[in-house]
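**Q** Keeping their order, the protein sequence lines are chains A and B.
With the working numbering applied, the first sequence covers 2 to 309.
With the working numbering applied, the second sequence covers 2 to 309.
Glycine included, each C-beta is placed from N, C-alpha and C at the ideal position.
Take a look at the following structure, please.
Number of protein chains: 2
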Amino acid sequence: MNTIPAFLGVDWGTSNLRVYLVSQRGQVIEQTQSAKGILHCSQGTFGDTLTQLAGTWLTRWPQLPVYMAGMIGSKQGWRETSYLPCPIHIDDIASQLVPLSFDGTRKCWIVPGLSCTTPDGTPDVMRGEETQLIGAIHRQRTGSQLYCLPGTHAKWVHVKDGVIQHFATYMTGELFDILQHHGLLSVWMQDIPQEDQQEWFLKGVELANKQTGLLHHLFGVRSLSLEGTLPPKHQRSYLSGLLIGHELRAALQHIPQDTPVTLIGATSLTKQYERACSHLQRQLHVLSGERMVLDGLAQLHASAARKV
Amino acid sequence: MNTIPAFLGVDWGTSNLRVYLVSQRGQVIEQTQSAKGILHCSQGTFGDTLTQLAGTWLTRWPQLPVYMAGMIGSKQGWRETSYLPCPIHIDDIASQLVPLSFDGTRKCWIVPGLSCTTPDGTPDVMRGEETQLIGAIHRQRTGSQLYCLPGTHAKWVHVKDGVIQHFATYMTGELFDILQHHGLLSVWMQDIPQEDQQEWFLKGVELANKQTGLLHHLFGVRSLSLEGTLPPKHQRSYLSGLLIGHELRAALQHIPQDTPVTLIGATSLTKQYERACSHLQRQLHVLSGERMVLDGLAQLHASAARKV
Numbered sequence: 002m003n004t005i006p007a008f009l010g011v012d013w014g015t016s017n018l019r020v021y022l023v024s025q026r027g028q029v030i031e032q033t034q035s036a037k038g039i040l041h042c043s044q045g046t047f048g049d050t051l052t053q054l055a056g057t058w059l060t061r062w063p064q065l066p067v068y069m070a071g072m073i074g075s076k077q078g079w080r081e082t083s084y085l086p087c088p089i090h091i092d093d094i095a096s097q098l099v100p101l102s103f104d105g106t107r108k109c110w111i112v113p114g115l116s117c118t119t120p121d122g123t124p125d126v127m128r129g130e131e132t133q134l135i136g137a138i139h140r141q142r143t144g145s146q147l148y149c150l151p152g153t154h155a156k157w158v159h160v161k162d163g164v165i166q167h168f169a170t171y172m173t174g175e176l177f178d179i180l181q182h183h184g185l186l187s188v189w190m191q192d193i194p195q196e197d198q199q200e201w202f203l204k205g206v207e208l209a210n211k212q213t214g215l216l217h218h219l220f221g222v223r224s225l226s227l228e229g230t231l232p233p234k235h236q237r238s239y240l241s242g243l244l245i246g247h248e249l250r251a252a253l254q255h256i257p258q259d260t261p262v263t264l265i266g267a268t269s270l271t272k273q274y275e276r277a278c279s280h281l282q283r284q285l286h287v288l289s290g291e292r293m294v295l296d297g298l299a300q301l302h303a304s305a306a307r308k309v
Numbered sequence: 002m003n004t005i006p007a008f009l010g011v012d013w014g015t016s017n018l019r020v021y022l023v024s025q026r027g028q029v030i031e032q033t034q035s036a037k038g039i040l041h042c043s044q045g046t047f048g049d050t051l052t053q054l055a056g057t058w059l060t061r062w063p064q065l066p067v068y069m070a071g072m073i074g075s076k077q078g079w080r081e082t083s084y085l086p087c088p089i090h091i092d093d094i095a096s097q098l099v100p101l102s103f104d105g106t107r108k109c110w111i112v113p114g115l116s117c118t119t120p121d122g123t124p125d126v127m128r129g130e131e132t133q134l135i136g137a138i139h140r141q142r143t144g145s146q147l148y149c150l151p152g153t154h155a156k157w158v159h160v161k162d163g164v165i166q167h168f169a170t171y172m173t174g175e176l177f178d179i180l181q182h183h184g185l186l187s188v189w190m191q192d193i194p195q196e197d198q199q200e201w202f203l204k205g206v207e208l209a210n211k212q213t214g215l216l217h218h219l220f221g222v223r224s225l226s227l228e229g230t231l232p233p234k235h236q237r238s239y240l241s242g243l244l245i246g247h248e249l250r251a252a253l254q255h256i257p258q259d260t261p262v263t264l265i266g267a268t269s270l271t272k273q274y275e276r277a278c279s280h281l282q283r284q285l286h287v288l289s290g291e292r293m294v295l296d297g298l299a300q301l302h303a304s305a306a307r308k309v
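Here it is as structure tokens:
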């Protein structure tokens, strides 16, 4: 492995901060992380927080450029960056990195987020996922692809020949979290690992595929439980299946059955989507979310380095 | 007005207790209410609570029968009554009232709730709405009707020739309440009366009619707001329109455009549904929820009196 660092890659989200010392080829030499996500930093302390976590590297390599992705570019972050409108080619994102004054003459950039108008006419936004997309799209710069990035706010992204055409966000993860902790369904729900609860997860996916609507299906968690059919320990899996099922149904409704979906995320997140897609006989590929952030940052660095 | 009381009608729900002194023809002679819903009564105190609120009438008319509808028949209520399975004729509900031992030899009954299997194969239940339905269906005992009872858990009910065929519950009101107070959407939402916010309410109804799915539409509340298009004071109305729109879309999907919907509820609840139906060019009639409870109880009394 090449152990000469080429840049510092920073994935700075709402809850966590991850810093990577990365080689020219995108290999991680060293890495460090903390719970100092932007929600846990106050305005004016972002530079200090980064120095605290990555100070050794910053001191050792005074010229090492820094690339930052994620909510660090939001209003609550270090510096608010404008969303770049879609359609946009991934190379055009590289040319619009937002420079930040930080550590003397060190080159430091924030990757801007993206905006679009979804096919139903409403606006949509992403911040952070664009960097993973750059990494993923760079692997296959021609043809049409459909990417799914599961999460609190899951993104479905349409790409053609390296151009991000449009995308749509689904509040799946957030609604799952809210319904587990508030309201009628939360009362009997047990917080049990979902690993062995696949039967009820898939029943949820199956029902979501019928047209009777999410608002009705949610009440079914209660009525199946009242009837004694759905035991409390399976309710969480069933709810997860219902919500992911509804997301897939809406996102895939006009997509031919043989079009593959590329999932990008952490294993814990993508596993349920894999099971649901497989149940619906949808082809899919899975890419590591962390790997894609690093590949994306490496692409952005290579592009910036070419310009210098 | 006939001022000779025929029975005491009790509408005992989760949050409230309403007692009516009612004539043979279902006219209210006097009425009283308290916040002593079943959630605010402990086991063993239901009799005392009723005596406290309606003691004067109970003492004055020791033989007056009492009919109780609502959550009072649930596990958390005075006595748990089994759900009667649908399809069921409204006259068959009258013959299956559950007697309760209360005040010496006084006749006292709880109206049982109903259960069914919805067309998507899941079970469903109601408790309280069946009494309003008895009142409404009695007005038109032949032909096919579609009833909507808006609320925390809205019910859509299919009826043919006096027989309640099946019904489906939508968690519309509950989800509206939860999303106003928890999670991303609650952060900027302002609690402003919705009376003058019809424009955004109807935009929500309109969008819900498109096929991109509720999980995506919910995120639109945030992205429209980020973009500056949707001001904070209109977010609540827009969310309400989205949710009611999704309920209507699912409930009406196989119902011909010229089939009228009969709404049963309080004016504050039915008004938004009226606006949404009217926007979707759906015909509807509105019946007062309180009137239907009393009509239903009067029907049950007439039927019980015939048997004695």
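Considering only DSSP beta bridges, list what A:MET127 is partnered with.
**A** Per DSSP, A:LEU115.
**Q** To the nearest angstrom, report how far apart B:CYS109 and A:ILE179 are at their CA atoms.
**A** Going from the Cα of B:CYS109 to the Cα of A:ILE179 covers about 41 Å.
**Q** Are the region 82-94 of chain B and the region 175-189 of chain A touching by the rule of at least three beta carbon pairs closer than 8 Å?
**A** Not touching, per the Cβ criterion.
**Q** Would you say B:GLY105 faces chain A, with C-beta separation under 8 Å as the test?
**A** Output row for B:GLY105: interface = no.
**Q** Hey, how far is the Cα of A:ILE30 from the Cα of A:TRP13?
**A** Distance between the alpha carbons of A:ILE30 and A:TRP13: 19 Å.
**Q** Which chain A residues sit within Cβ distance under 9 Å of B:ARG250?
**A** The contacting residues are GLY214.
**Q** For the region 215-227 of chain B, which residues have a beta carbon sitting closer than 7 Å to at least one beta carbon of chain A?
**A** Result list: LEU215, LEU216, HIS217, LEU219, PHE220, GLY221, SER224, LEU225, LEU227.
**Q** Does the beta carbon of A:GLY184 sit closer than 8 Å to a beta carbon anywhere in chain B?
**A** A:GLY184 counts as touching chain B.
**Q** When we look at the beta-carbon of B:HIS286 and count the other beta-carbons within 10 Å, is it buried (16 or more) or exposed?
**A** Under this definition B:HIS286 is an exposed residue.
**Q** Quick check: A:ALA70 and A:LEU298, are their CB atoms within less than 8 Å of each other?
**A** Yes. Within cutoff.
**Q** Compare the C-beta of B:LEU176 against all C-beta atoms of chain A and say whether one is closer than 8 Å.
**A** Closer than 8 Å: yes.
**Q** Helix, strand or coil, according to DSSP, for A:PRO6 in the structure here?
**A** The answer is strand: DSSP assigns A:PRO6 an E or B state.
**Q** What number of angstroms, rounded off, separates the C-alpha of A:GLU200 from the C-alpha of B:ALA303?
**A** So the alpha carbons of these two residues sit roughly 49 Å apart.
**Q** Which chain B residues sit within Cβ distance under 9 Å of A:HIS247?
**A** Neighbours of A:HIS247 on chain B, chain order: GLY214, LEU215, LEU216.
**Q** Are A:PHE8 and A:VAL20 closer than 8 Å when you measure CB to CB?
**A** Against a cut-off of 8 Å, the Cβ pair of A:VAL20 and A:PHE8 comes out as no contact.
**Q** Using a cut-off of 9 Å between C-beta atoms, extract the partners of B:GLN133 located in chain A.
**A** Those do not exist, as B:GLN133 stays about 18 Å from chain A at its closest Cβ, beyond 9 Å.
**Q** With H, G and I counted as helix, E and B as strand and the rest as coil, what does DSSP make of A:GLY48?
**A** Three-state DSSP puts A:GLY48 in a helix.
**Q** Using the three-state DSSP reduction, which class does A:LEU150 fall into: helix, strand or coil?
**A** Note: A:LEU150 maps to strand in three-state DSSP.
**Q** Residues in the same chain with beta-carbon distance under 8 Å from A:THR52, minus the five sequence neighbours each way, listed in chain order, please.
**A** Correct list, in chain order: LEU59, ASP104.
**Q** Determine whether the beta carbon atoms of B:MET72 and B:ARG128 lie at a separation below 8 Å.
**A** Result yes, Cβ atoms of B:MET72 and B:ARG128 sit closer than 8 Å.
**Q** With DSSP collapsed to three states, give me the class of B:HIS167.
**A** Of the three classes helix, strand and coil, the one that applies to B:HIS167 here is strand, per DSSP.
**Q** Taking C-beta pairs closer than 8 Å, name the residues in chain B that A:TYR171 reaches, listed in chain order.
**A** Here the neighbours are GLY214, LEU216, HIS217, PHE220.
**Q** Any idea what DSSP makes of A:TRP201, helix, strand or coil?
**A** Reduced to three states, the DSSP call for A:TRP201 is helix.
**Q** Is there a C-beta anywhere in chain A that falls below 8 Å from the one on B:GLN181?
**A** No, B:GLN181 lies away from the interface with chain A (no Cβ there is under 8 Å from its Cβ).
**Q** Going by C-alpha to C-alpha distance, which of B:LEU253, B:MET293, B:ARG223, B:GLN258 sits closest to B:TRP157?
**A** The option with the nearest alpha carbon to B:TRP157 is B:LEU253.
**Q** Considering only residues of the region 273-303 of chain B, which uninterrupted beta strand (DSSP E) runs meet the minimum length of 3 residues and lie entirely inside it, listed in chain order?
**A** Fully enclosed beta strand (DSSP E) runs of 3 or longer: 285-289.
**Q** Along chain A, in chain order, which residues have C-beta atoms closer than 9 Å to that of B:PRO124?
**A** Those are GLY221, SER224, LEU225, LEU227, GLU228, THR230, listed as they occur along chain A.
**Q** What number of angstroms, rounded off, separates the C-alpha of A:HIS167 from the C-alpha of A:TYR148?
**A** Going from the Cα of A:HIS167 to the Cα of A:TYR148 covers about 11 Å.
**Q** For a test of the three-state rule: what should DSSP assign to A:LEU85, helix, strand or coil?
**A** Strand, per DSSP.
**Q** Would you mind working out which of A:ALA305, A:ALA306, A:LEU301, A:ASP296 sits nearest A:GLN28, comparing C-alpha positions?
**A** With distances taken between Cα atoms, A:GLN28 lies closest to A:ASP296.
**Q** Can you check whether the CB of A:GLN273 is closer than 8 Å to the CB of A:PHE177?
**A** Contact flag unset, no.
**Q** For A:GLY174, tell me which candidate among A:ILE165, A:LEU243, A:MET190 has the shortest Cα-Cα distance.
**A** With distances taken between Cα atoms, A:GLY174 lies closest to A:LEU243.
**Q** Please state if the CB of A:HIS90 and the CB of A:GLY163 are separated by a distance shorter than 8 Å.
**A** Closer than 8 Å, so yes.
**Q** Does any CB atom of chain A fall closer than 8 Å to the CB of B:GLN254?
**A** Yes, because at least one Cβ of chain A sits closer than 8 Å to the Cβ of B:GLN254.
**Q** Would you list the residues sitting across from B:HIS90 in a DSSP beta bridge?
**A** DSSP lists B:VAL164 as partners of B:HIS90.
**Q** A:THR123 and B:SER226: beta carbons closer than 8 Å?
**A** Taking 8 Å as the Cβ cut-off, A:THR123 and B:SER226 do not qualify as a contacting pair.
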